[in-house]
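J.: Shown below is the structure under consideration.
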Amino acid sequence: MKLQKKYNFWQILMLAISATLGTSILVSFGQVGFQAQFNPILMIIAWILGGLLVIPEMLLFSEAATSYPENGTSYYWIKRAKWNACSFWFGWIMVLFVSATAVATACLAFGNIIVSITGLQNEWYAKLFGIIILLLLLLIQLFIKKSTGWSQIVFTILKLLPIGLLLIIAMIYGNTDSFQKDTINQNLSQIYLASFLLLPATAMTMFAYSGMEAITYISGEVIEPRKNIPRALIWSTIAIIILYVILAIGLLTVNKPFNWLDPNNNITNVWYYAIINNPKIPNFLGYLFSGLATLIFIGSLNSFLVYHSRLIFKMSEEGDLFKFFQKTTIKTNMPYLAMLLLTVLTIIYILWSSLFQVTNYFILAVSVLKTLTMVVIIYLRYRDPTYQRIYSTPVFILLTVLSLIACLITFVGAVIAMYFYGKTTKNMWELWNCLITMGIMFAGYPLYYLKKYGQHLIKTWQAKKKITKIKD
7 MKLQKKYNFW
17 QILMLAISAT
27 LGTSILVSFG
37 QVGFQAQFNP
47 ILMIIAWILG
57 GLLVIPEMLL
67 FSEAATSYPE
77 NGTSYYWIKR
87 AKWNACSFWF
97 GWIMVLFVSA
107 TAVATACLAF
117 GNIIVSITGL
127 QNEWYAKLFG
137 IIILLLLLLI
147 QLFIKKSTGW
157 SQIVFTILKL
167 LPIGLLLIIA
177 MIYGNTDSFQ
187 KDTINQNLSQ
197 IYLASFLLLP
207 ATAMTMFAYS
217 GMEAITYISG
227 EVIEPRKNIP
237 RALIWSTIAI
247 IILYVILAIG
257 LLTVNKPFNW
267 LDPNNNITNV
277 WYYAIINNPK
287 IPNFLGYLFS
297 GLATLIFIGS
307 LNSFLVYHSR
317 LIFKMSEEGD
327 LFKFFQKTTI
337 KTNMPYLAML
347 LLTVLTIIYI
357 LWSSLFQVTN
367 YFILAVSVLK
377 TLTMVVIIYL
387 RYRDPTYQRI
397 YSTPVFILLT
407 VLSLIACLIT
417 FVGAVIAMYF
427 YGKTTKNMWE
437 LWNCLITMGI
447 MFAGYPLYYL
457 KKYGQHLIKT
467 WQAKKKITKI
477 KD
């Protein structure tokens with residue numbers, strides 16, 4: 007059954023914002039602070055730099071998405087270029103290391119915040135809560151008609167509540183202690199160290215800025231895609247950059263960076279502990295913020311289930327996955343088997359990985375996929391006569407160069423982040439874990455040829471069997 011056009015401009019704009027404003031609120035701000043060694047100036051610079059680096063990518067994405075208004079985004083574009091091995095490789099990385107890890111991160115972050123509120127302090131309780139909310143949202147999307155499109159608007163509005171509360175707390179109880187000379191000069195006076203720290207810190211912001219491209223995953227379901235997709239991508243990008251910089255300043259105003267840590271020096275719930283560890287702020291505001299913040303993760307999961315499952319659906323349409331993944335529910339027109347596969351992969355990550363590991367897998371995978379996407383956009387722009395050019399050649403070249411630089415910064419920064427984290431925690435297995443993950447990622451390319459060879463053997467065997475049957 008074909009997916010119908012059902013999303014308007016406001017729905018896809020809210021989808022982009024809702025998909026972006028999620029786990030980053032709880033995870034990325036702490037990770038950026040950790041990688042920048044909690045220097046306020048380096049943290050703010052990293053957020054601004056990350057935002058500037060993502061703009062060229064979104065501009066290029068808008069041109070390609072306008073030219074090809076079909077579900078599947080980069081995967082479809084690669085298929086359009088007839089790079090079959092690359093399209094399978096893209097899908098391999100996307101499904102295993104981006105889609106599943108994105109959903110798993112939101113689940114783990116949701117579980118962590120519930121554990122903080124209840125005081126259970128057990129990672130397995132966090133995993134359990136994450137799995138429960140995942141299954142609940144899956145059932146809602148599969149069985150409640152029209153819940154998906156309008157829920158994007160509802161969840162995006164609800165997400166503004168904890169963000170607004172944090173800014174109100176900053177204005178009432180905040181101070182400028184984080185911007186005192188002794189705090190600012192920490193590591194900043196050593197320019198080489200400061201530059202080195204910006205690489206992993208900026209890489210961590212890329213996780214927070216991921217999500218706006220969600221629109222391109224459902225291009226085939228967007229009403230007037232050539233009009234609505236570019237507008238939604240550009241406006242969502244600008245809004246997110248401004249919001250993150252404001253939030254970074256607001257969090258620094260609430261408390262000094264080192265006071266964001268929990269009693270075990272973990273950085274997974276920095277917002278809650280920044281509030282709780284400020285003696286001037288009533289404790290109930292910390293609990294209120296955490297309660298409202300759960301809406302952020304529920305909204306993110308709601309968005310992730312929508313657009314990440316569409317790639318699995320598209321791969322099935324193109325023959326890279328089994329045809330039964332194209333089956334949709336009669337009542338809600340949702341690809342239920344694709345969503346179930348995504349759910350199973352997510353639960354595996356939740357049970358066997360930590361939040362930091364899952365986040366880093368995501369960042370590494372995204373940097374590889376974005377590089378591949380830039381290459382295929384260049385190819386299609388100059389080889390496909392139906393490609394609709396929005397930008398002049400000099401502007402396109404500039405955007406492409408900046409996008410590739412952003413991909414390189416993200417990849418190198420993620421590897422450095424793993425090394426720095428392993429060195430700090432005295433657990434260098436984290437770095438080896440990173441290298442093993444990269445090995446599995448790149449194994450997807452030769453796996454395509456093994457798949458083709460296996461299909462050839464099966465067809466040959468079936469043909470011989472048919473001939474033998476005829477002779478008999």
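Note that the sequence shown covers residues 7 to 478 in my numbering. Think of the CB as a built atom: it goes at the ideal place given N, C-alpha and C, for glycine as much as any other residue.
Counting only runs that start and end within the region 292-351, where is the alpha helix (DSSP H) found for 4 or more residues in a row?
T.: Listed in chain order, there is nothing to give.
J.: Taking threonine 392 as part of the alpha helix (DSSP H), name the residues at either end of that continuous run.
T.: Where threonine 392 is concerned, there is no enclosing alpha helix (DSSP H), given that its DSSP letter is neither H nor E.
J.: With DSSP collapsed to three states, give me the class of tyrosine 459.
T.: Note: tyrosine 459 maps to helix in three-state DSSP.
J.: Which partner residues does tyrosine 13 have in the DSSP bridge list?
T.: Val228.
J.: Can you tell me which of the three DSSP states phenylalanine 44 falls into?
T.: DSSP places phenylalanine 44 in coil when its eight states are reduced to three.
J.: Cα separation between alanine 238 and glycine 56?
T.: Those two C-alpha atoms are separated by around 19 Å.
J.: In whole angstroms, what separates the C-alpha of proline 206 from that of threonine 335?
T.: Whole-angstrom Cα-Cα distance: 43 Å.
J.: In angstroms with no decimal places, state the Cα-to-Cα distance between aspartate 183 and isoleucine 119.
T.: Cα-Cα distance, rounded: 26 Å.
J.: State the Cα-Cα distance for the pair phenylalanine 15 and serine 242, rounded to the nearest angstrom.
T.: Each residue's Cα considered, the two are about 11 Å apart.
J.: Which stretch, first to last residue, makes up the alpha helix (DSSP H) that contains tyrosine 82?
T.: 79-86 is the span of the alpha helix (DSSP H), which, as asked, contains tyrosine 82.
J.: Would you grab the beta carbon distance between leucine 267 and tyrosine 279 for me? Rounded to a whole angstrom, and I think it's under 8 Å.
T.: Right, their Cβ atoms sit about 6 Å apart.
J.: Which residues in the same chain have their Cβ closer than 8 Å to the Cβ of isoleucine 134, if we skip the five residues on either side of it in sequence?
T.: It should be noted that the sequence gives leucine, not isoleucine, for residue 134. Taken in chain order, the residues that qualify are Gly117.
J.: Leucine 346 to leucine 145, Cα distance in whole Å?
T.: If I take the Cα positions, the gap works out to 10 Å.
J.: Can you tell me whether DSSP reads glycine 217 as helix, strand or coil?
T.: Coil.
J.: Considering only C-alpha positions, which residue in the set Leu140, Ile255 and Trp98 is nearest to leucine 172?
T.: Among Leu140, Ile255 and Trp98, the Cα nearest to that of leucine 172 belongs to Ile255.
J.: If methionine 340 and glutamine 147 are in contact, beta carbons under 8 Å, what's the gap, nearest whole angstrom?
T.: Right, the Cβ-Cβ distance comes to about 6 Å (below 8 Å), so this counts as a contact.
J.: Using the rule of at least 16 other Cβ atoms within 10 Å of the residue's Cβ for burial, across every protein chain shown, is isoleucine 197 buried or exposed?
T.: Bear in mind that a pLDDT of 47 at isoleucine 197, under 50, signals an unreliable position, so the number given afterwards is only what the model happens to contain. Classification for isoleucine 197: exposed.
J.: Between the C-alpha atoms of leucine 114 and isoleucine 356, what's the straight-line distance to the nearest angstrom?
T.: Straight-line Cα distance between these residues: approximately 7 Å.
J.: For alanine 25, which residues of its own chain have a beta-carbon under 6 Å away from its beta-carbon, when the five flanking residues on both sides are left out?
T.: So the list reads Gly217, Ala220 and Ser309, once near-sequence residues are dropped.
J.: I need the DSSP call for threonine 222, collapsed to helix, strand or coil.
T.: Helix.
J.: Give a yes or no on whether 8 Å exceeds the smallest Cβ distance from alanine 110 to chain C.
T.: The displayed structure is made up of one protein chain only, and chain C is not part of it.
J.: Does glycine 493 come out as helix, strand or coil in the three-state DSSP assignment?
T.: No statement about residue 493 is possible, as the shown extent of the chain runs from 7 to 478 and does not include it.
J.: Going by DSSP in three states, methionine 434 sits in which element: helix, strand or coil?
T.: Of the three classes helix, strand and coil, the one that applies to methionine 434 here is coil, per DSSP.
J.: Under three-state DSSP, which class holds glycine 56?
T.: Helix at glycine 56.
J.: What do you reckon, are the CB atoms on threonine 379 and serine 80 nearer than 8 Å?
T.: Yes; because the gap between Cβ atoms is below 8 Å, this pair is in contact.
J.: In terms of residues, what are the limits of the alpha helix (DSSP H) holding serine 93?
T.: First-last of the alpha helix (DSSP H) with serine 93: 90-99.
J.: With respect to 7 Å, is the separation between the Cβ of arginine 395 and the closest non-hydrogen atom of the ligand SAM below this value?
T.: Inclusion of the ligand SAM in the displayed structure is not the case, the ligand content being empty and no account of it being possible.
J.: Would you mind working out which of Asn433, Ile396, Leu463 and Val350 sits nearest arginine 232, comparing C-alpha positions?
T.: Nearest C-alpha to arginine 232: Ile396.
J.: Taking valine 60 and tyrosine 215 to be in contact with their CB atoms under 8 Å, please state how far apart those CB atoms are, rounded to whole angstroms.
T.: Sure, about 5 Å apart at Cβ, within 8 Å.
J.: Between which two residues does the alpha helix (DSSP H) holding leucine 102 run?
T.: Taken as a continuous stretch (DSSP letters only), leucine 102 belongs to no alpha helix (DSSP H), as it is neither H nor E.
J.: Pair every Cβ in the region 418-430 with every Cβ in the region 356-376, then say whether three or more of these pairs are closer than 8 Å.
T.: Yes: at least three Cβ pairs fall under 8 Å.
J.: Within the region 243-284, note down every full alpha helix (DSSP H) run reaching 4 residues or more, in order along the chain.
T.: You should have 276-282.
J.: How about leucine 348 and valine 109: are their beta carbons less than 8 Å apart?
T.: For leucine 348 and valine 109, yes; Cβs fall inside 8 Å.
J.: Using DSSP with H/G/I as helix, E/B as strand and the rest coil, what is leucine 126?
T.: Coil, per DSSP.
J.: What is the DSSP secondary structure of tyrosine 74, counted as helix, strand or coil?
T.: Coil at tyrosine 74, not helix or strand.
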